[in-house]
Every structure is written in structure tokens, then in C-alpha cells.
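Below you'll find the structure, written out as C-alpha cells, and then a few comments.
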Amino acid sequence: AHFCKEFFFCGQEPFVADEYIERLAWRTPGGGSRGGEAFDPKRLLEEFVNHIQELQVMDERIQRKVEKLEQQCQKEAKEFAKKVQELQKSNQVAFQHFQELDEHISYVATKVCHLGDQLEGVNTPRQRAVEAQKLMKYFNEFLDGELKSDVFTNSEKIKEAADIIQKLHLIAQELPFDSLMGFCCYPLSSPGKYHDLECQLIQEFTSAQRRGEISRMREVAAVLLHFKGYSHCVDVYIKQCQEGAFLRNDVFEDAAILCQRVNKQVGEIFSNPETVLAKLIQNIFEVKLQSYVKDQLEEHRKSDAEQYLKNLYDLYTRTTNLSSKLMEFNLGTDKQTFLSKLIKAIFISYLENYIEVEIGYLKSRSAMILQRYYDSKNHQKRSIGTGGIQDLKERLRQRTNLPLGPSIDTHGETFLSQEVVVNLLQETKQAFERCHRLSDPSDLPKNAFRIFSMLVEFLCTEHIDYALETGLAGIPSSDSKNANLYFLDVVHQANTIFHLFDKQFNDHLMPLISSSPKLSECLQKKKDIIEQMEVKLDMGIDTLNCMIGQMKHILAAEQKKTDFKPEDENNVLIQYTNACVKVCGYVRKQVEKIRNSMDGKNVDTVLMELGVRFHRLIYEHLQQYSYSCMGGMLAICDVAEYRKCAKDFKIALVLQLFDTLHALCNLLVVAPDNLKQVCSGEQLANLDKNILHSFVQLRVDYRSARLARHFS
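By the count of our numbering, the sequence shown reaches residue 830 at its end, each step adding exactly one.
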């Protein structure tokens with residue numbers, strides 16, 4: 119059994135029956151598990167039977183042991199339950215005792231509170247009587263005129279003395295003077311001793327402040343809080359704080375540093391630090407800043423408007439920046455209104471008429487910039503037309519001359535200057551910035567509109583519009599030779615300048631008027647300016663007449679009749695005529711100039727008009743000559759070159775016109791038998807028969823009966 123127990127419980131692994139049988143067979147001699155031993159089933163069976171018996175015996179023993187343990191566990195459970203019941207009974211008894219004790223404590227506490235109230239009721243009158251006795255004692259000393267008590271003679275007890283005198287002073291003031299008691303108390307009610315002590319306290323506070331003794335300052339300030347001279351104590355503190363604080367040139371930075379330092383200190387000294395700090399700031403604004411601002415502005419107010427406006431803007435900006443820094447401090451409930459009133463008090467006399475000074479300066483400055491420019495060009499400005507847009511449109515419709523008189527020679531001068539424009543825009547930009555900062559919010563849109571009107575007057579009317587009028591007057595007639603088309607240069611510069619004007623409109627004016635009724639007024643004014651300039655640009659269409667005139671001069675001078683009817687048909691070495699080369703070169707330069715001078719739809723509009731006129735000129739020019747077979751081929755080559763030139767226009771209509779003209783030129787060389795077929799082609803089928811006939815008539819062989827018969 120012992121062997122079975124050890125064999126059964128060996129190892130720490132869980133019990134596995136197969137492994138258990140294997141181990142048993144391995145240990146049994148003749149079990150067949152060991153090498154070299156013969157297998158003996160009887161002996162193995164005998165071993166199994168014996169082992170089973172041992173296991174049964176072991177099982178019985180274990181079962182008896184389990185039963186014994188269960189009985190013991192049940193017995194202990196009963197004992198534990200009995201013990202728990204006893205503890206519960208003990209706990210109930212203890213809880214009852216605790217309730218009784220709590221009730222007893224509450225009863226005793228009630229008695230103690232009642233006794234305390236009774237003691238306080240007795241002690242309070244007693245304390246008052248003691249204090250009254252002390253006051254009467256000090257009162258007698260005042261009546262005798264000899265202050266013998268230590269509290270009056272010891273300077274270190276000035277706080278107690280101040281408290282006593284404050285109380286006696288209040289008592290004396292309540293007694294009527296015509297009574298005997300009031301007459302006797304007059305020395306206490308008179309300002310003498312009260313003010314003497316008050317002065318001593320203030321002097322002590324001043325000395326402590328100079329020594330930097332914060333605790334002593336706090337102590338004295340607490341005593342003075344109940345005296346009438348407390349405000350004087352605050353004034354002394356504010357005055358001494360500023361001693362040596364404004365030694366640099368930057369009074370605003372000095373003020374910010376001073377307030378920062380006082381803000382950290384004032385809470386340790388006074389019981390109402392926000393009031394003291396607010397009074398300090400008020401004193402700085404009303405004394406230091408106001409004096410500084412006045413000195414800076416009054417010096418230039420009447421003599422130098424530019425410097426005056428710059429100083430006003432700078433001082434107001436720095437003052438508002440200082441105000442923003444001070445907003446971090448505790449100054450009471452409505453510190454925003456408090457600081458705004460202080461700023462307004464300083465600048466109100468300057469801001470009331472600010473916009474008048476601004477407009478006056480801007481007007482004189484802009485006029486000076488323009489006049490200086492025209493003087494540098496030795497140019498005397500002419501008076502320009504003052505008619506409105508409708509008048510300009512009527513002049514455009516009738517193609518009448520401008521009111522500048524006869525055509526003038528501008529010698530290539532556009533009378534537009536980038537420097538002038540930049541100066542005007544810079545002055546206006548600064549004016550907008552000042553307007554934004556210095557104008558009252560209710561007046562801001564109105565003031566911004568007035569500045570914008572100045573910009574329109576001097577930049578758009580006096581400079582750009584004048585240059586356009588002068589440029590229009592300088593456009594030569596269409597029959598002029600070697601005409602210089604400077605008007606396109608004027609258009610180019612005017613276009614560039616107006617983009618700058620438009621950028622300032624969007625960047626600096628729009629934010630000031632975007633939420634006001636002035637927005638629509640400004641937009642309308644801008645629209646009128648654009649429309650007026652576009653009308654004058656349309657008037658400059660006469661420039662195209664000059665271009666066509668130049669082309670006519672080139673063709674007349676360079677084109678020869680023998681170009682299209684050469685004497686030797688078999689010895690033509692050129693691909694296109696010299697007149698064609700020069701005209702195409704001239705046209706390409708003008709197209710490039712137009713593209714550089716204009717933008718947007720204006721480019722396409724002008725190029726379309728020029729292209730149509732260019733086509734009409736070439737069409738009419740070709741009909742002035744007679745063409746031999748080789749001359750017709752040369753004409754086709756010329757038109758092909760003109761068509762290449764027309765591609766530079768990038769206008770579909772112009773290219774289509776030259777394609778048709780090229781097809782018409784084919785009629786000059788096609789065989790008579792193929793004329794009808796060519797005329798019915800895609801490009802010529804829709805043309806009037808008279809146009810086709812007019813081109814066929816240009817052939818030198820048109821008179822032959824055969825050609826006339828084929829075309830009829």
C-alpha cells in the first residue's frame with residue numbers, strides 16, 4: 119500500500135490513467151516494458167489484481183478521512199455561527215450606548231452654547247465699559263492739556279493713538295457746540311490734533327515708502343483708511359511712485375513699466391488696490407501724457423501739416439497701445455470705458471477737426487506732386503473737357519475732336535509717371551491708415567469717402583484722364599506720314615496705373631466702408647471712372663486709322679505695277695513682294711504693342727477692329743492691279759503671308775476673312791475651264807457673284823472670249 123501511494127502521487131502533473139498503467143507495467147518484472155525480459159502475462163495480471171486491492175484499501179482510508187473532516191467542518195461552522203450571533207448582540211448593545219452618549223453630548227453642548235451666550239452678553243457690555251473708561255481717561259488728558267499716557271508719547275504706538283483720537287473726534291463731532299459738554303469737547307472736534315496726527319501718519323507713510331518698507335506702509339495705510347486724509351495718502355504714494363520714473367525719451371514705455379511695477383506692489387499696501395492703480399493711471403494720462411502730447415502737436419499744428427498728422431497718428435497709436443497693456447490690470451468693473459475716456463480727454467481737441475486737416479494736407483500735397491512732375495517736363499497743363507459720360511459717348515458717336523483744340527505733338531511723352539502714381543497712392547494709403555485710427559467709428563465711412571474722392575480727383579482726373587485727353591489730342595490724322603502712335607503707350611501706362619488704383623481700393627478703402635451705405639457710393643464712383651476712361655479709350659480708335667494710313671503709305675511707296683505683271687514671266691525669283699514684307703512687319707509690331715497696352719476683352723475688341731480694317735485695305739489694294747499668271751501666283755504668296763500675319767491677331771473672324779481672300783486670289787491663276795468649279799468651292803460658294811467677277815476681271819487674259827464665256 120505504501121508503494122501504491124507513492125506510485126500514485128508521484129510527480130506534480132495531473133493524473134493520467136494511461137501513463138499510470140504504463141509506469142506500473144514498467145515496474146513489474148515480466149511486464150514486457152524492459153529490454154531483454156520475457157513477457158509474463160500471469161505475473162502482470164497478478165500484479166494488477168494486487169494493485170487494485172491496494173487502491174481499494176487506499177480509497178476506503180481516504181473516504182473515512184474525508185468524512186471525518188466534513189464532520190469537523192460542520193461542527194466548526196455551528197460554533198462560528200453561534201459566535202457571530204453573540205457579536206451581533208454585543209454590537210446592538212454598543213450602538214444603544216452610543217446613541218445615549220450622543221444625546222448626552224448634544225444636551226451638554228446646548229447648555230455650553232447657552233452659557234457662552236450668557237457670558238458674551240455679560241462680557242460685551244463689560245468690554246465696552248472698559249473701552250469707554252479708557253476713552254474717558256484719554257478724554258481727561260485732553261481736557262487737562264497734558265498727554266501723559268504712553269500711547270501718546272511713544273512714537274511706535276502711533277497706530278493705537280490714531281485709533282483713539284479717531285474715536286474721540288467722532289464723539290466730539292456728535293455733541294452740539296452750544297452745550298457745556300460740546301464746548302468742553304471742542305479741542306477734540308477742532309482740526310488741530312486730528313490733523314496733526316493725520317499729518318504724522320502721512321509723513322510716516324512717506325518715510326516708509328522712501329525706505330521701501332512695504333509692511334510699515336501697509337500698516338500706516340490701514341490706520342489712515344478711517345481718516346479723512348486717506349486720499350491724501352494715496353496722492354502722496356502716487357506722486358512718489360513717479361519720482362525718477364520718466365527719465366527716458368519714451369514716456370509711453372516708462373508709463374507701462376511704472377504701472378507694471380506698481381501693480382505688483384499696490385496690493386500689498388492698500389485694501390483697495392484697483393482704486394489706487396486707477397488713480398495712478400489717471401494721473402499719468404492727465405499730467406504726463408497730456409503735457410507730452412500737447413508739446414509734440416502744438417509745435418507743428420499750424421506750420422507743418424504733414425509732421426502734425428504723423429505725430430498725431432503716432433501718439434494716438436502709442437497711447438492706445440499703452441491702454442491695451444493696462445487692460446491686463448484690475449482697474450475696477452468697466453476699465454474699457456475708463457481708459458477710453460482718458461484717451462478721449464487727451465486727443466479730443468485734435469480729433470474734432472482731424473479730417474479737415476487731413477483733406478487739406480492731402481489736397482495740397484497731391485497738387486504739389488503733380489505740379490512738380492509737369493514742371494520737370496516743362497509742360498503747361500491745358501484745361502480739359504469737363505463734360506460727363508453722356509457727353510463723352512456723344513463725342514465718340516459723332517467722332518468729333520476733343521476740346522483740346524487741334525492735334526498737338528506730344529514728342530512721345532505720355533504725361534504719365536509711375537513715380538507720381540506711387541507717391542499719390544502712398545500718401546493716400548497713409549491717409550487711410552490715419553483715418554482708420556483717428557476717426558470716430560460713426561464718421562469713419564464718411565471720412566474714408568472724402569479721402570477716396572481726393573485720390574480720384576488727383577490720380578484719375580488730374581493725371582490719368584489728363585494724359586488720355588492729351589494722348590487723344592496727339593493722335594495724328596490718318597494721312598500723316600511717319601505717324602508715331604504714342605497713344606498706345608498712354609493706354610498701356612494708364613492700364614497699369616489703374617490696376618494699382620484698384621488694388622488700393624480693395625486693400626485699404628473697402629475694409630473701412632464695407633458695412634456702411636458709403637460702399638455703394640464708392641463703387642458707383644469707381645464704376646463711373648472706369649466707364650469714362652473706357653469711353654476715351656474707345657475714342658482712341660482713331661489710332662487704328664493712323665495704322666491703316668501707315669499701311670497705305672507703305673503699299674503706295676513699295677508696291678509696283680510690275681510686281682503682279684512681270685516682264686519676264688519665267689524669271690521671277692522672289693516669294694512675295696517687298697511691300698508685303700514691310701506691311702506684315704509693321705502690322706506685327708502694332709499687334710504686339712496693342713497686346714502690351716491693353717488687357718482683357720479690350721485686346722480682342724481692338725484687334726478685331728484692326729484686323730477687319732487690315733483685311734479691307736488689302737482687299738481694296740489688290741483690286742488696283744492686273745495680274746498675269748505668274749503675278750497671280752505672287753499675289754497668292756503675298757496673301758498667304760498676310761494670312762500668317764493675321765494669325766497673330768488670334769481672332770477667328772480675321773483669320774476667316776483672310777482665308778476667303780486667299781481663296782479669291784486663286785481665281786487669278788486657275789485655268790479657265792476650272793473657274794466654275796473653284797467658284798462653287800466651300801469658301802467661295804456663299805460669296806456674292808459680283809465679288810467673284812471683280813476678281814476674275816483682274817486677270818490680264820479676262821478679255822479673251824474663252825475666259826469670259828467660262829465665267830458667264
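Yeah, the Cβ is synthetic: ideal placement off N, Cα and C, and Gly gets one too.
Keep in mind the model is a prediction, meaning the values are calculated, not measured.
Between residue 698 and residue 759 a beta carbon distance of about 5 Å is seen, short of the 8 Å cut, so the two are scored as contacting. Residue pairing of residue 817 in beta bridges, as defined by DSSP: 745. Per the Cβ contact rule, the segment 361-372 is in contact with the segment 422-440 (3 or more Cβ pairs under 8 Å). Around the beta carbon of residue 585, 16 or more other beta carbons sit within 10 angstroms, so the residue counts as buried. According to the DSSP assignment, residue 777 belongs to the alpha helix (DSSP H) that extends over 770-783. Just so you know, the alpha carbons of residue 395 and residue 334 end up roughly 19 Å apart. Nearest to residue 465 by alpha-carbon distance, out of 430, 233, 553, is 430.
Under the DSSP assignment, residue 677 falls outside any alpha helix (DSSP H); it carries neither an H nor an E label. Counting C-beta pairs with one atom in each stretch, the segment 780-799 and the segment 750-758 have three or more that are closer than 8 Å, which means they touch. Exposed is the label assigned to residue 617, since fewer than 16 other Cβ atoms lie within 10 Å of its Cβ.
Not a single unbroken stretch of the beta strand (DSSP E) spanning 3 or more residues falls wholly within the segment 346-417.
For residue 556, the enclosing alpha helix (DSSP H) begins and ends at 536-556. The three-state reading of DSSP puts residue 683 in coil, since its state is none of H, G, I, E or B. Just measuring C-alpha positions, the residue of 749, 495, 415 sitting nearest residue 426 is 415. For residue 563, the uninterrupted alpha helix (DSSP H) run begins and ends at 562-573, by DSSP.
Using a C-beta cut-off of 8 Å, the segment 760-768 makes contact with the segment 706-721, since at least three inter-stretch Cβ pairs fall below that distance.
Counted as a single uninterrupted DSSP element, the stretch harbouring residue 788 is not any alpha helix (DSSP H), since DSSP gives it neither H nor E. CA-CA distance, residue 637 to residue 627, rounds to 9 Å. Contact between residue 172 and residue 146 is ruled out by a C-beta separation of about 13 Å, above the 8 Å threshold.
Contact fails between the segment 641-650 and the segment 555-565, because fewer than three Cβ pairs, one in each stretch, are under 8 Å apart.
Contact annotation: residue 679 and residue 743 have beta-carbon atoms nearer than 8 Å. DSSP places residue 486 within a helical segment (H, G or I) once states are collapsed to three.
Taking C-beta separations shorter than 6 Å and ignoring five residues to either side along the sequence, the partners of residue 802 in its chain run 781, following chain order. By the neighbour-count definition (other C-beta atoms within 10 Å, threshold 16), residue 221 is an exposed residue. With at least 16 other beta carbons inside 10 angstroms of its own, residue 356 counts as buried. Taking a C-beta distance under 8 Å as the contact criterion, residue 651 and residue 582 qualify as a contact pair. Cα atoms of residue 700 and residue 475: separation of roughly 60 Å, rounded to the nearest angstrom.
Scanning 571, 557, 656, 635 for the CA closest to the CA of residue 589 turns up 656. About 7 Å separates the Cβ atoms of residue 576 and residue 485, confirming a contact at the 8 Å cut-off. Scanning its chain for C-beta atoms nearer than 7 Å, with the 5 sequence neighbours on each side dropped, one finds no residue around residue 809. Runs of the alpha helix (DSSP H) spanning 4 or more residues and lying entirely within the segment 703-728 do not occur at all.
Only buried fits residue 591, as 16 or more other CB atoms lie within 10 angstroms of its CB.
Measuring C-alpha to C-alpha distances from residue 363 to each of 815, 739, 376, 198 identifies 376 as the nearest. With contacts defined as CB atoms closer than 8 Å, residue 811 and residue 776 fail to qualify as a contacting pair. Setting aside the 5 residues that flank it on each side, residue 403 is surrounded in the same chain by 460, each with a C-beta closer than 6 Å to its C-beta; the list follows chain order. Judged by DSSP secondary structure, residue 559 falls outside any alpha helix (DSSP H); it is assigned neither H nor E.
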